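Quick notes on the structure that follows.
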Amino acid sequence: MWDSGQHRKRRQDEKLEMNKVWLAILLAFTAILPFISSSYMMHIAVMTGVAIIVAHGLNILMGFTGQVSLGHAAFVAVGAYTSAILTSKAGVSFWLALPLSGVAAAVLGLIVAGPSLRLKKLYLAIATLGYAFIVNEVLVYWESLTNGTAGIVVPQVSFFGYALDTGHKYYYLVYTLVILLSFIAYNLSQSKLGRALMAVRDSEEAAQSLGIGLVKYKVLAFVISAFYAGIAGSLYAHFITVIAPTSFTVMLSIEYVFMLVVGGMGHVWGAVLGAILVTLLPEGIRLFIRFLPGWLDIADLQQFVYGLIVIVFLIFEPDGLYARWLKIKAYLERFPLSPRKQKGERVWRRWR
Amino acid sequence: MTEDVNTMDFLRIEQLTMKFDGLIAVSNLDIEVRQGEIHAIIGPNGAGKTTVFNCINKFYKPSGGRIGFKGRDITPLPPHKVAELGIARTFQNLEIFPAMTALENILTGAHRNMNTSILCSLLLGKRAAEERKAKQKALDMLAFLGIASAEEKIASGLPYGFRKLLEMARALLSEPSLLLMDEPAAGLHEREKSEIAKIIKDIREDLGITVLLVEHDMNLVMDIADRITVLDSGVVLATGYPDQIANDEKVIAAYLGTEEQ
Amino acid sequence: MLMQQIVSGLALGSVYALVALGFIIIYKATEVLNFAQGDMMMFCAFINYSLLINGSISVFSTILITLMFGAALGFILERGILRPMIGRPLFATVLVTMGVGICLRAIAGVIWGHQAKAVPEILSITPIQVLPGVPVSPFHLAIFFSTIAIVAFLSVFFQYTRAGTAMRAVSMHHLASFLMGIRVRRIFSMTWVISGFVGALGGMLIAPLTFLNPDLGWIGLNAFPAAVLGGFGSIPGAIVGGLMMGVCENIAGGYLPEGIKNVFAWIVLILVLMIRPEGFFGTYEEKKV
Chain A
-11 MWDSGQHRKR RQDEKLEMNK VWLAILLAFT AILPFISSSY MMHIAVMTGV AIIVAHGLNI
49 LMGFTGQVSL GHAAFVAVGA YTSAILTSKA GVSFWLALPL SGVAAAVLGL IVAGPSLRLK
109 KLYLAIATLG YAFIVNEVLV YWESLTNGTA GIVVPQVSFF GYALDTGHKY YYLVYTLVIL
169 LSFIAYNLSQ SKLGRALMAV RDSEEAAQSL GIGLVKYKVL AFVISAFYAG IAGSLYAHFI
229 TVIAPTSFTV MLSIEYVFML VVGGMGHVWG AVLGAILVTL LPEGIRLFIR FLPGWLDIAD
289 LQQFVYGLIV IVFLIFEPDG LYARWLKIKA YLERFPLSPR KQKGERVWRR WR
Chain B
53 MTEDVNTMDF LRIEQLTMKF DGLIAVSNLD IEVRQGEIHA IIGPNGAGKT TVFNCINKFY
113 KPSGGRIGFK GRDITPLPPH KVAELGIART FQNLEIFPAM TALENILTGA HRNMNTSILC
173 SLLLGKRAAE ERKAKQKALD MLAFLGIASA EEKIASGLPY GFRKLLEMAR ALLSEPSLLL
233 MDEPAAGLHE REKSEIAKII KDIREDLGIT VLLVEHDMNL VMDIADRITV LDSGVVLATG
293 YPDQIANDEK VIAAYLGTEE Q
Chain C
2 MLMQQIVSGL ALGSVYALVA LGFIIIYKAT EVLNFAQGDM MMFCAFINYS LLINGSISVF
62 STILITLMFG AALGFILERG ILRPMIGRPL FATVLVTMGV GICLRAIAGV IWGHQAKAVP
122 EILSITPIQV LPGVPVSPFH LAIFFSTIAI VAFLSVFFQY TRAGTAMRAV SMHHLASFLM
182 GIRVRRIFSM TWVISGFVGA LGGMLIAPLT FLNPDLGWIG LNAFPAAVLG GFGSIPGAIV
242 GGLMMGVCEN IAGGYLPEGI KNVFAWIVLI LVLMIRPEGF FGTYEEKKV
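Chains as they are written, first to last, in the numbering used here: chain A, -11 to 340; chain B, 53 to 313; chain C, 2 to 290.
This is the structure in structure tokens:
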């Protein structure tokens, strides 16, 4: 009985302490990153931040609730365009437009959720693909509002008269929101709401038998998920400053799904890791450009490596980077003992 | 007050009929469960036992008849509303949440009794007062069932017996007034069966929860049930106390008799 | 005018039907939705293009070689990449096919570049009067009839051959088929081979209608609505769905405002799914508890 309740409690407390230390280091790194970065690196960092927010949102829908979305770029687009139109055409302040773009995307989420409730698995995937195509087409042809394929020029953001006109300054705005929204996503995963969503994912029958209404929670997942994407869209628009329908293609939607695959679906940290890795990957390949033969198109190479990584991950590491990290951690914790392979741990957690 | 005005009116199934594309699974069924009893439904395979359960908690929409719970007609309600009224259930083929931890599984049972708002969930997470309370209850439940060591384990990796207890604990944490148990002893060996029998009795004695169960194991049923309803081919063959059922000629002929041949 | 739109719609629809057919053959046996179907088609179209440009062999041989290549591509993909995914969650496998599609597109970009290429005409695209008042090009006719031919061939194959019967059995129940001595994995391979073959045919037929570049594979996505309308599981369903989509799209293009044509198929799809979540010819399986 060496593993008494007391002992376990102490071990858990120690773990919590360690987690807090790691978190503090991570936050400190986030805070000082701009001081040691070029503006090019800041550009990438901001884009990564935007991706993290979308990945959190998609994770809530796909990872927690098990509702596939292959059209998440559409929610990002609606957020971006709402913010762009409000600030450039209606003269609304960015600080009001930002939450409103989240709300606009959430409203689209609500509209999309309705007909999606009865759809299962691949039918849902295909339907969401369809919504994304339709949204994109609306952006192209509603020219009076969106300027069509020419796109919209979006004003830059200022904070009490202080212009956030460089990557270094914009970085802090984006990462404040990244931290806030990550915190909320984490809370969700540990709460009644999060458990209800996961219950819907794991067994609709059991969920209902415990008083969890499928309609309510599926719709909620769509709405929250779309809200995240809308916020990210607004941040993206005011950073890039020109948006067009081609910025939000099906390929982008698929990229968001790949982020979750690579990072680890259904884990808050998985979404973060995946978003970082998938955004950095093309930049990493760019580093090798001088070693490559001239006839090789860098864009093709990026795409190829990208496709390959996804395949390799799905075959050899289906639970994503975060799950691998957990396994490494577990191994280190019982290091002197033999690395006993725990049966049943590899269950493709969160996949359904 | 409405709680126990009339123990006879606790769960009342009247003229229940369920058809699937012309195939009649159960027809004109009358079952009445009294508050505080352990009521068993037995019958050969295909008699319609699980169908009755699925009709009570509305996975199936009955083709005809009425189901009343505590004097209220629950026939038109959707499944999660029935659960909210205090009817919980376990499943024949185990419907635990495979990708959640054991603790998360049980905590989900508390869903019905938690008033945490969505905003509160998002902003406070596990620090909300109700969350802490629920977690303590869940931990107590894990300890009570003797599976505390499984707390952080992913449910799908647990042994069958654990998962069975887990599912039961989840249903109990919702503090139901009626618990439907679909074959609680299936797949267990003798010693585990007697443990389950004891747990079911405890559920009724200590927690005051009325139990309606479907079971194949006659010894278990005879041991724990207060009253028994026998189904055969979708109709009620007999209802009564265990000794009545054991001596009922129709039952012996149609069910027990054939098994002993 | 309307008649002409219907006829050219049937030709376009035939191509959709072929892609949808490719989806469904794999889907029926393995329940995997192959997102790379369109890209396999594109790749085969490029192979055909290269052979035609080279010009050292007869047109008939280029067609034959392309079909063989398509089948081989399907085989290699199944053996190399899809086989380790057997038994994994469905959606993970679907994502793998997306990865395959991306890779194929990138490889095609490296080999053939991104400039749109005009494919040499095997048959004339200029319309001739076949029926009075309805001008049809020989190429459109060829598309239509090769689709009918391949469907007829596959129907006979599934209905009357040993392998076809085994494939039907596998599509109904993997374990039961396995227990009856059917080599399920080999059947999976076969479905990919047939899909590759059908894809090669589709690629050769669609390339002359549009320009050829690595993004041609996206047209595969347009066949989704067709496949879903057909209920995602029945071969006649796919054909009817594909033809319907082609005709509807062409008519919509003629009478509806500009923006609607491109997404017309998707609008129809979503409307249909709202009414019947399982498509027109599909069946829905309820989970038993």
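We put the CB at the ideal spot given by N, CA and C, even for glycine.
All figures in this text were calculated on a predicted structure; none of them were measured in a lab.
Anything in chain A within Cβ reach of Ile268/C, meaning under 7 Å, just list it in chain order.
Contact annotation for Ile268/C against chain A: Ile122 [CB-CB distance below 7 Å, chain order].
Please classify Gln0/A: does DSSP put it in a helix, a strand, or coil?
If DSSP states are grouped into helix, strand and coil, Gln0/A belongs with the helices.
Quick one: Cα of Ala239/C to Cα of Gly51/A, how far?
Distance between the alpha carbons of Ala239/C and Gly51/A: 32 Å.
Short of 7 Å in beta carbon distance, which residues of its chain neighbour Asn223/C, apart from the five on each side in sequence? Order them along the chain.
The beta carbon of Asn223/C sits closer than 7 Å to the beta carbons of Tyr17 and Ala266 from its chain, once the five residues preceding and following it are set aside; these are given in chain order.
By DSSP's criteria, His91/B is part of a beta bridge. Which residues make up the other side?
Leu264/B and Arg279/B, per the DSSP bridge assignment.
If you draw a straight line from the C-alpha of Pro233/A to the C-alpha of Leu68/C, how long is it?
Their backbone Cα atoms lie some 37 Å apart in a straight line.
Go through the region 183 to 256 of chain B residue by residue and report every complete run of the alpha helix (DSSP H) that reaches 4 residues or more, in order.
Unbroken alpha helix (DSSP H) runs of no fewer than 4 residues, entirely contained in the region 183 to 256 of chain B, are found at 212 to 225, following chain order.
Whole alpha helix (DSSP H) runs in the region 107 to 183 of chain A with 4 or more residues, listed along the chain?
109 to 129, 131 to 134 and 155 to 177, all fully within the region 107 to 183 of chain A.
Identify, in the order they occur along the chain, each residue of the same chain with its Cβ nearer than 7 Å to the Cβ of Asp125/B, setting aside the five sequence neighbours on each side.
So the qualifying residues of the chain are Arg118.
Can you name the start and end residues of the alpha helix (DSSP H) that Gly221/C belongs to?
Ile220 to Leu230 is the span of the alpha helix (DSSP H), which, as asked, contains Gly221/C.
So, does the CB of Ser197/A fall closer than 7 Å to a CB anywhere in chain E?
Among the protein chains of the structure shown, namely A, B and C, there is no chain E.
Cutoff 8 Å; reference Arg106/C; Cβ partners in own chain excluding five residues on either side
Cβ neighbours of Arg106/C beyond the five flanking positions: Asp40, Met43, Pro215, Asp216 and Gly218.
Per DSSP, what are the beta-bridge partners of Arg89/C in this structure?
DSSP, once it has assigned bridges, lists no residue as partnering Arg89/C.
How is Ala162/B classed by DSSP in three states: helix, strand or coil?
Correct three-state label for Ala162/B: helix.
Quick check on this structure: which residue in Gln38/C, Glu32/C, Ile58/C and Ile144/C has the alpha carbon closest to the alpha carbon of Lys109/A?
The option with the nearest alpha carbon to Lys109/A is Glu32/C.
Between the C-alpha atoms of Phe70/C and Arg80/C, what's the straight-line distance to the nearest angstrom?
Phe70/C and Arg80/C have their C-alpha atoms some 15 Å from each other.
So is Met186/A in contact with chain B if we call contact Cβ pairs under 7 Å?
Yes, Met186/A counts as interfacial toward chain B.
Assuming contact is defined by CB atoms lying nearer than 7 Å, are Ala92/B and Leu265/B in contact in what I supplied?
The beta carbons of Ala92/B and Leu265/B sit closer together than 7 Å.
If contact is defined by three or more beta carbon pairs under 8 Å, each pair taking one atom from either stretch, is the region 205 to 225 of chain A in contact with the region 67 to 77 of chain A?
Short answer: they touch.
Could you name the residues of chain A that Ile170/B contacts, counting a contact when the two beta carbons are closer than 8 Å?
Chain A residues near Ile170/B: Leu181 and Leu208.
With 7 Å as the C-beta to C-beta threshold (strictly closer), list the residues of the region 2 to 30 of chain C near chain A in chain order.
Taken residue by residue, none of the region 2 to 30 of chain C has a beta-carbon sitting less than 7 Å from a beta-carbon on chain A.
Quick one: Cα of Met220/B to Cα of Asn135/A, how far?
The alpha-carbon atoms of Met220/B and Asn135/A are separated by roughly 59 Å.
Are three or more beta carbon pairs between the region 264 to 273 of chain A and the region 172 to 188 of chain A nearer than 8 Å?
Touching, no.
Could you check what DSSP says for Ile13/A in three-state terms: helix, strand or coil?
Under the three-state reduction of DSSP, Ile13/A is assigned to helix.
For a cutoff of 7 Å on Cβ pairs, would you count Asp190/A as touching chain B?
True, the Cβ-Cβ gap to chain B drops below 7 Å.
From this set, Ala228/C, Gly260/C, Ile276/C and Gly247/C, which residue's C-alpha is nearest Lys29/C's C-alpha?
Comparing Cα-Cα distances from Lys29/C to each of Ala228/C, Gly260/C, Ile276/C and Gly247/C, the minimum goes to Ala228/C.
CB Leu302/A to CB Ala93/C, shorter than 7 Å?
Contact: yes.
Does any C-beta atom of chain C lie closer than 7 Å to the C-beta of Phe52/A?
Not closer than 7 Å to any Cβ of chain C, the Cβ of Phe52/A fails to qualify, so no.
Mind checking if Tyr129/A is an interface residue toward chain C, Cβ cutoff 7 Å exclusive?
Tyr129/A counts as touching chain C.
Proximity test, Cβ basis, 7 Å: Pro131/B and chain A:
Closer than 7 Å: yes.
Output needed for Asn106/B: all residues of its chain with C-beta closer than 6 Å, excluding positions within five of it in sequence on either side, in chain order.
Result list for Asn106/B: Tyr112, in chain order.
Given a cut-off of 7 Å on the beta-carbon distance, is the pair Ile103/C and Gly258/A in contact?
No, these two residues do not count as a Cβ contact at 7 Å.
Roughly how many whole angstroms lie between the Cα atoms of Gly110/C and Leu289/A?
When rounded, the separation of the alpha-carbon atoms in Gly110/C and Leu289/A is 9 Å.
Using 7 Å as the limit for Cβ to Cβ distance, is Ala263/A near chain C?
Chain C, which has no Cβ nearer than 7 Å to the Cβ of Ala263/A, makes this no.
Going by the beta-carbon positions, is the gap between Ala37/C and Leu213/C smaller than 7 Å?
In this structure, Leu213/C does not lie closer than 7 Å to Ala37/C by Cβ.
Given a threshold of 16 other Cβ atoms within 10 Å of its Cβ, counted over all protein chains shown, does Glu125/A qualify as buried or as exposed?
Buried: at least 16 other Cβ atoms inside 10 Å.
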